[in-house]
Structure formats: structure tokens, C-alpha cells
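Per my numbering, residue 216 is the first one in the sequence shown, and the count goes up by one each step.
Beta carbons: idealized from backbone N, C-alpha and C, even for Gly.
Model, not experiment: these values are computed from the prediction.
Input: a single structure, listed below in C-alpha cells.
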Amino acid sequence: MVEGPVGTAISFIIATRNRAKTLPSAVASVRAQTLPEIEVVVVDDGSIDETAAVCEAISRADPRVRLIRSQATGRSSARNLGLEAATGAWVSFLDDDDLLAPEFAARMVGAARAWGRACCCEALVFDAPLERALTPADVLRDADGTLRPRPLIARPLPDRIGLADLLLASFFPINAVIVERSLLLELGGFRPGLEFGEDYELWLRVAARLGAIPVLHEALALVRRHDRQSSRDLARMAESTLAIVRAAWARESGGTTPISPVALRRRLAFLERERSYAALLAGDALTARRAALASVRLWPLAWKSWGYLVLAPAPRLYGALRSAVRAASRRLGRTRRPLLESPESPGPQGRAS
Numbered sequence: 216m217v218e219g220p221v222g223t224a225i226s227f228i229i230a231t232r233n234r235a236k237t238l239p240s241a242v243a244s245v246r247a248q249t250l251p252e253i254e255v256v257v258v259d260d261g262s263i264d265e266t267a268a269v270c271e272a273i274s275r276a277d278p279r280v281r282l283i284r285s286q287a288t289g290r291s292s293a294r295n296l297g298l299e300a301a302t303g304a305w306v307s308f309l310d311d312d313d314l315l316a317p318e319f320a321a322r323m324v325g326a327a328r329a330w331g332r333a334c335c336c337e338a339l340v341f342d343a344p345l346e347r348a349l350t351p352a353d354v355l356r357d358a359d360g361t362l363r364p365r366p367l368i369a370r371p372l373p374d375r376i377g378l379a380d381l382l383l384a385s386f387f388p389i390n391a392v393i394v395e396r397s398l399l400l401e402l403g404g405f406r407p408g409l410e411f412g413e414d415y416e417l418w419l420r421v422a423a424r425l426g427a428i429p430v431l432h433e434a435l436a437l438v439r440r441h442d443r444q445s446s447r448d449l450a451r452m453a454e455s456t457l458a459i460v461r462a463a464w465a466r467e468s469g470g471t472t473p474i475s476p477v478a479l480r481r482r483l484a485f486l487e488r489e490r491s492y493a494a495l496l497a498g499d500a501l502t503a504r505r506a507a508l509a510s511v512r513l514w515p516l517a518w519k520s521w522g523y524l525v526l527a528p529a530p531r532l533y534g535a536l537r538s539a540v541r542a543a544s545r546r547l548g549r550t551r552r553p554l555l556e557s558p559e560s561p562g563p564q565g566r567a568s
């Protein structure tokens, strides 16, 4: 194993590909941690831009930053490479376009040491194009009023998030969690080949092993939302999450985890509705209809799924109505999500980026 900084408490792993513009901001937010005993392991997953050169320049200025190169193996495998190379007792993963509050490492490591082998915190989401270089202070102050930082999850998080909770909802993004490195190695890390929802799938296994993941009620993770997500990515995210939930349910249903079958049906209905929404955006009438039909069969009371079923034969009409509703909402100054919008983004887990 490569020797890291003396006394490394936590390793931050950033898997990246062709993000030379956003990577410096992400790395800078880690280097600015108030806990100095950190390292940053950047895994360049086959970039063809200046990403590697940018990281090498940062590494020369700060030896706590290390670069590992891989050959476009995918995010799961790239993160596993970083996990193997990490030297910290604790590990956290950061997407290359997101940020961390300066107190993240100190507060999370302290809480995790007191509570067990893992810990998660609350998160803020902000709107910014990928080209915009930002610091955590920029986001938290929002001086020009364009970032609009807000809680990623509107409802308060419970004190502990168990397997049953995670099966029924997505609670936190990948950069809101730290886990003991030895535990992740025991669990085999991320599932190779799984490119959407890969962190969600791992957190389900962590929760199953530990019983629950304790929550630090402080917003220390900052998640960027941008316009680079395609409808194809949304569809793949919904399909992947459906498969992950069904597999976890099949794996754990014989155990002691108390999961309501009714609640699980509602969760699956919601995910099918997300798949229908993504198909409508992509103009795929057949998939939109099939997914909406699956949703109403799982949960007939889901009125929005019925709406998608009605609109499925005419995805262009849906797109026109959606644009009109969004424009009207902007004119009226509404901040709530319009009725023709999906009720949730692809989810904080495994965000397509």
C-alpha cells in the first residue's frame, strides 16, 4: 500500500473523467478541511481532457493529493481503486462537481468514532452550471442570489437510517457519508459494472450489516445540480434503482428487517413513475406507457401515474404542457414543483452527472 500523510484520519476518494474545470473546486473543498489529517485520492478514469494534468499540478502543491489513473473502467471500479489505495481509517467519496463544508471531516470523523463504523450528514443542493468554479463559502453565502442553496431532502432526517428506511426512500448523496475503510473492504466495495445507483446499492449493504447508519444533523455536504443530465440518464437511473430495491428486498425479506409490503409497493410504484417520466422526456411513448401502467398496477391511488398513462401516447404534447406549466410557474414566482414535473429528481443516490 502507498503510504499516505502521517496520521491520516480520513481519505476522500474522487472518481473523475473529463472534468478538468470542476475537479479543482471539489479538491479545494477537501484541502480546506479544518481537520488537517486528510488525504485526497483522485482516480482519473480515462480522461481525454486536461484532468490528469490539473490534478498533478495540485498534487505538486499539496502532497496530500494523489492521482491514480485507470482506463475508463467505470465509476464503480474507479472508486474501488481509490478505496484500495486509501490509507485513512475512514473513507468518504466525493463527486467531481460537488463540494464539502470546511468542517465536514472534523465533525463527521468525531461523530463516526463515537457512534460506530459509519455516519451520514444532511446536505444542501445548489444550482450552478458545471463551468462555474465555486467554493463552499460561495454556496453558503449565495451572495448574488443565483445558487439558491436548500436542503436536498425537504423532510427532517431521522436520527438513524436503517435498511427499511433506505429501501423506501433515498436520504443522502454520496458525499454525505463516511464509512470505516475496513468495513467497505469487507463488503467488497462498489458493485463493478453498476453505473447508476451504485452508491445507493452500497449503502443498503452497509445498513444491512450495521443495522442502521447514524445521522449527524448538520448540512455539511453540498450537491451541485446542473443541466447536463439527459433523459436517457434519468431513465437508466430509475431502472437501476428499481433493480437495486428489488434485489435488496429479495435478499433481506427472509431476515428480521421490518418492511411493510404496502410501503414497498408504493416505493416501486414511485420508481416506475420516475421511469415513465424519463421516457416521456425522451419521447419514448412505449416505455412511458409500460412504466406508467406498472406504476398504477402497483399503487392505483397514485394519480400522477394515471396522468402519465394518459399522456404516454403523446410525449410531445407532454413536453409542450410541461414547458407551459414551468413558464407559468416562473411568472407567478412559485418555488414549488409544478404538477407536471416528476416528484423527485433521479435521487440523491448515484446522481447521473
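Extent of the continuous beta strand (DSSP E) run through residue i
i           : result
residue 436 : 427 to 440
residue 167 : There is simply no residue 167 to check, as the chain begins at 216 and stops at 568 in what is shown.
residue 290 : Premise fails: residue 290 lies in the alpha helix (DSSP H), 290 to 300, not in any beta strand (DSSP E).
residue 502 : Counting along the chain, residue 502 falls outside any beta strand (DSSP E), though it belongs to the alpha helix (DSSP H) covering 500 to 513.
residue 395 : 392 to 395
residue 307 : 305 to 308
residue 231 : 225 to 231
Integer-rounded CB distance, given that residue j should sit under 8 Å from residue i
i           : j           : result
residue 490 : residue 383 : No, residue 490 and residue 383 are not in contact; Cβ-Cβ is about 17 Å, not under 8 Å.
residue 417 : residue 326 : Residue 417 to residue 326, Cβ: 20 Å. No contact.
residue 273 : residue 233 : With 8 Å as the limit, residue 273 and residue 233 do not qualify as a contact, their Cβ atoms being about 17 Å apart.
residue 524 : residue 508 : 6 Å
residue 362 : residue 343 : 6 Å
residue 348 : residue 476 : The Cβ separation is near 48 Å, so there is no contact.
Residues near residue i in its chain [Cβ-Cβ closer than 7 Å; skip 5 each side]
i           : result
residue 297 : 228, 230, 256, 258, 283
residue 317 : 247, 248, 249, 351
residue 235 : 264, 265, 266, 269
residue 365 : 339, 340
residue 330 : 429
residue 503 : 491, 494, 495, 523, 527, 530
Residues of its chain near residue i, where Cβ-Cβ distance is below 8 Å and the 5 sequence neighbours each way are ignored
i           : result
residue 324 : 224, 225, 250, 305, 393
residue 267 : 259, 282, 284
residue 217 : Since pLDDT at residue 217 reaches only 47, below the 50 mark, its modelled position is unreliable, and the value read off the structure follows with that caveat. Taken in chain order, the residues that qualify are 281, 300, 302.
residue 457 : 483, 486, 487, 490
residue 357 : 341, 363, 364
residue 287 : 232, 260, 261
N- and C-terminal bounds of the alpha helix (DSSP H) containing residue i
i           : result
residue 271 : 266 to 276
residue 381 : 378 to 383
residue 327 : 319 to 330
residue 353 : 351 to 356
residue 483 : 476 to 497
residue 597 : Residue 597 lies beyond the range of the chain shown here (216 to 568); nothing can be said about it.
residue 262 : Careful: residue 262 lies outside any alpha helix (DSSP H) and carries neither H nor E.
residue 282 : Here residue 282 belongs to no alpha helix (DSSP H); instead the beta strand (DSSP E) covers 280 to 285.
residue 526 : 518 to 526
Pairwise C-alpha distance: residue j and residue i
i           : j           : result
residue 487 : residue 337 : 27 Å
residue 573 : residue 292 : The first residue shown for the chain is 216 and the last is 568, placing residue 573 beyond what the model contains.
residue 350 : residue 280 : 18 Å
residue 247 : residue 277 : 11 Å
residue 613 : residue 332 : Limits of the chain in this structure are 216 at one end and 568 at the other, which puts residue 613 out of reach.
residue 401 : residue 425 : 12 Å
residue 518 : residue 498 : 21 Å
residue 501 : residue 528 : 8 Å
residue 522 : residue 495 : 12 Å
residue 570 : residue 346 : For residue 570 there is no data in the structure shown, the boundaries of the chain being 216 and 568.
residue 465 : residue 405 : 19 Å
residue 308 : residue 461 : 25 Å
residue 492 : residue 513 : 16 Å
residue 391 : residue 271 : 26 Å
residue 359 : residue 441 : 17 Å
residue 399 : residue 328 : 16 Å
residue 376 : residue 385 : 10 Å
residue 275 : residue 397 : 29 Å
residue 237 : residue 313 : 8 Å
residue 261 : residue 414 : 21 Å
residue 403 : residue 395 : 13 Å
residue 322 : residue 433 : 9 Å
residue 369 : residue 467 : 28 Å
residue 371 : residue 480 : 23 Å
residue 381 : residue 294 : 22 Å
Own chain residues within Cβ distance below 6 Å of residue i, not counting five before or after
i           : result
residue 289 : 410
residue 520 : 488, 507, 510, 511
residue 505 : none
Proximity of residue i and residue j at Cβ, strictly below 7 Å
i           : j           : result
residue 241 : residue 311 : yes
residue 340 : residue 438 : yes
residue 422 : residue 428 : yes
residue 244 : residue 315 : yes
residue 463 : residue 419 : yes
residue 379 : residue 459 : no
residue 334 : residue 387 : no
residue 320 : residue 389 : no
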